[in-house]
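Please read the structure below before turning to the comments.
In my numbering, the protein residues as written are 3 to 374.
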């Protein structure tokens, strides 16, 4: 076999489709970037330093209109759809309900090596497309028959009950924190688990906390430690809310005491509450923890403490996640439902009830309560 000339790329003999695809992806990314920066001055207004700065500020606010993770997901949705359109010999703009209906059908049926997607993922993809079209000045009518009937058929044929993560029970959380040491890393992780459980916090809310208000740019909230507990002010999905976390019945299980111990020994009085530690676990660093650490921490302590040891390791890992802390509070707090709803920051009682699950399903026996 002859070798390519030294001044020729080894890929020169290959089909130009790969290069074309890469070029298309680059062009798509450029178009996406252009659409995100589409806030500009009107054509009849002369530019100036002040107005140009206001344009940049407006763009920053526009990007902050949705959460960073949501922006990333929507960008990935558009990139996937744009690539699908190119492969089918069409263009993503302007929106075509007929082509979007075919796209949804392809996602549900799976094509080639790509597996079929769940109904919830397909609905998320559709929401991402609607958002992206809106950013580009178009409207995607989700009620159009080409879109609505296909989606309804997908739901009817493929819909399954939602897979819910296991709720962490009171004895579970005690067993989990008992596996942690008393070095800085152990103190930090104990505070994360107890505060997340008692506060019914999302993992992103836990790691976004600062010690004080406006300590860092992009903070998701701050803490105020009082005599009877801690007040967490959070910038959550549904807006700003306060979470009151009272002191526990003993120091070993008190989330506020655990938080105080971590802040004291880590010498943290400004900036992020939960930061990384050195490899030896004895020195607190400046870098804020990622929310992925909370998920890993839960899975690790679940395995180490022997929770649900009746199941294989793979199944145990799949059962628990960051949402297990919120589900644990909702399922085990023996108080009026409205207090749980407020703590979790839900706008409806129905959403709160989705989190209320226990292994002893018949804790409330309505049959006996009805006199039978």
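The C-beta atom is built at its ideal place from N, Cα and C for all residues, glycine as well.
Report the CB separation of residue 328 from residue 139 in whole angstroms; it is logged as a contact under 8 Å.
Residue 328 to residue 139, Cβ: 38 Å. No contact.
Which residue comes first and which comes last in the alpha helix (DSSP H) that contains residue 214?
Counting along the chain, residue 214 falls outside any alpha helix (DSSP H), and DSSP gives it neither H nor E.
Quick check: the Cα distance between residue 160 and residue 126, rounded to an integer number of angstroms?
About 15 Å.
With DSSP as the reference, label residue 116 as helix, strand or coil.
Three-state result, residue 116: strand.
Work out the CA separation of residue 233 and residue 214 for me, nearest whole Å.
Distance between the alpha carbons of residue 214 and residue 233: 11 Å.
Please classify residue 94 as buried or exposed, where buried requires at least 16 other C-beta atoms within 10 Å of its C-beta.
Buried.
Cα separation between residue 338 and residue 156?
One C-alpha to the other measures close to 38 Å.
For residue 207, count the other beta carbons within 10 Å of its own beta carbon; 16 or more makes it buried, fewer makes it exposed. Which is it?
Answer is buried; the Cβ neighbour count reaches 16.
What did DSSP end up calling residue 375 once you bin it into helix, strand or coil?
Lying before the first or after the last residue shown, residue 375 is absent from the chain, which here runs from 3 to 374.
Considering Cα atoms alone, identify which of 302, 42, 297 is closest to residue 64.
If we check each option's Cα against that of residue 64, 42 comes out closest.
Only counting the same chain, and skipping five residues up and downstream in sequence, which positions put a Cβ closer than 8 Å to that of residue 351?
Answer for residue 351: 339, 340, 343, listed in chain order.
Would you mind giving the Cβ-Cβ distance between residue 223 and residue 211, rounded to the nearest angstrom? I have them listed as a contact below 8 Å.
The pair is a contact, with the Cβ atoms about 5 Å apart (cut-off 8 Å).
With a threshold of 16 other CB atoms inside 10 Å of the CB of residue 219, please say whether the residue is buried or exposed.
Burial call: exposed.
Among 149, 237, 164, 259, which one has its Cα closest to the Cα of residue 101?
The candidate whose alpha carbon is nearest that of residue 101 is 149.
State buried or exposed for residue 28, treating a residue as buried only when at least 16 other CB atoms are found within 10 Å of its CB.
Low confidence applies here, because residue 28 scores a pLDDT of 48, under 50, leaving its location unreliable and the question unanswered by this model.
What are the residues that DSSP puts in a beta bridge with residue 231?
BP columns for residue 231 point to 248.
When DSSP labels each residue in this structure, what does residue 41 get in the three-state scheme?
Coil.
Just the C-alpha distance for residue 292 and residue 209, rounded to the nearest angstrom, thanks.
Cα to Cα, the separation comes out at about 7 Å.
So, helix, strand or coil for residue 288, using DSSP?
DSSP places residue 288 in strand when its eight states are reduced to three.
Could you name the residues of the same chain whose beta carbon sits closer than 7 Å to that of residue 57, not counting the 5 residues immediately before and after it, in chain order?
Closer than 7 Å at Cβ, skipping near neighbours: 41, 42, 43.
Suppose the cutoff is 6 Å on Cβ atoms and the five residues either side in sequence are ignored; what does the same chain contact list for residue 182 look like?
Same-chain partners within the cutoff: 188, 191, 192.
Under DSSP, the alpha helix (DSSP H) around residue 88 begins and ends at which residues?
Start and end: 70-89.
So, with DSSP's three-state summary, where would you put residue 162?
Reduced to three states, the DSSP call for residue 162 is coil.
Using the Cα positions of residue 132 and residue 164, report the straight-line distance between them to the nearest angstrom.
For residue 132 and residue 164, the distance between alpha carbons rounds to 23 Å.
Among 348, 277, 91, which has the Cα closest to the Cα of residue 242?
Residue 242 has its Cα closest to that of 348, out of 348, 277, 91.
Do residue 310 and residue 173 come within 9 Å of each other at the CB atom, strictly closer than that value?
No, these two residues do not count as a Cβ contact at 9 Å.
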